[in-house]
Amino acid sequence: MSLNKFILISIFISTKLFSWDKLYSLDSNKYSFKDFGFDNINCLELRAYPINPSTRKQITNRWTVPISICKDIQDNVLSRFQNIKPDLSYKCNIRKNQILPVVLNAMTIDNDGKIWSMNEIKDVLGFIGDIDTPAKLQLVLWLYGENEGCLYQKRFNNYEVMVKYKTSSKSHNKSYLNTFVYKLTISKYGKLLNKKLFKHTKVHTPYFDKPTRNFYTRR
C-alpha cells in the first residue's frame, strides 16, 4: 500500500470515529427525562434566587426555575421540595457568571424520595454521574455558565463541544456582528478541561450604521 493511500484511509477512519453530532437546546423539548440517563434521580431543578449582593439575603421569597427535569412526584414529597431553603453562601459557583445578582441552587429528589440541595458544580456532577448522554453534556455546559453547545464529538474519555457566541460592535461608525466559536473539552466526569477560540467571523451590518432619527428636531 502506498503512503498516500494509507494517509487517506487513516483520515477517513478518523473522520468516521470522531464525527460531529448535533446538540439540542435544553428548552427545545428534544430531550425527555429518560434522555438524561439519571440512575438515582427523580427530579432535578435549577433554581435562581435574587439576592442582595452585600448581605447575600433573598430580595423576595420567589425564585425562578430555568431548568426542571422531573418525573412524577408524590404530593407529600412535592410539598417538602417546594419549601426547601436555598444555600446562598459565597461558595456557590453554579452558572456564576450571571449578570443579575442571583444565586443558583440545584434541588434534587432521589429515588427514595430524599431531597438534596446543592450550590456547587462538583456536587451536582457527583450526583448526576458520568457524562454519558448528549442531554447531560448540555446540562454540564449550562452549569458552567457557557452558551449551549451546537455540535459535539466524543473522543475516547472526553467530549469536544462547539459553543457559539454572538456580539455586536462598532468601529469607525460602522456596525458589525461578531460570531465567536469556541471549542471546549469536557471530561466524562463533567470537568471543564479546556476552552479555546476556534473561529471568529465579523460581518458588517449596514442597517445599524444609520443614526437614530430625532423626531423632535425643528425643521
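By this note's numbering, the letter at position 102 of the sequence shown is numbered 82, and the numbering carries on one by one without gaps.
Ideal Cβ placement from N, Cα and C applies to all residues, glycine included.
Residue from the options with nearest C-alpha to residue i
i: Arg36; options: Val82, Ser48, Gly17, Lys10; result: Val82
i: Asn174; options: Thr165, Thr181, His180; result: Thr165
i: Asn91; options: Ile39, Ser148, Val57; result: Val57
i: His180; options: Asn9, Cys50, Pro114, Thr159; result: Thr159
Helix, strand or coil at residue i according to DSSP, with G and I counted as helix
i: Ile95; result: strand
i: Arg198; result: For Arg198, the predicted structure reports a pLDDT of 47, less than 50, and the residue's modelled location is therefore unreliable. The matter cannot be settled from this model.
i: Ser12; result: coil
i: Lys116; result: helix
i: Pro30; result: strand
i: Leu173; result: strand
i: Lys71; result: coil
i: Leu6; result: coil
i: Asp55; result: helix
Where the beta strand (DSSP E) containing residue i begins and where it ends
i: Pro46; result: 44 to 50
i: Ser148; result: 138 to 151
i: Asn85; result: 82 to 90
Distance CB(residue i)-CB(residue j) smaller than 7 Å
i: Leu157; j: Met142; result: no
i: Lys163; j: Glu128; result: no
i: Met87; j: Arg135; result: no
i: Ile202; j: Gln38; result: Outside the displayed span of the chain (-19 to 199) sits residue 202, for which this structure offers no information.
i: Asp103; j: Lys168; result: no
i: Leu3; j: Gln118; result: yes
i: Glu100; j: Asn73; result: yes
Residue range of the unbroken alpha helix (DSSP H) whose run includes residue i
i: Arg135; result: That residue, Arg135, is in no alpha helix (DSSP H); its beta strand (DSSP E) goes 129 to 135.
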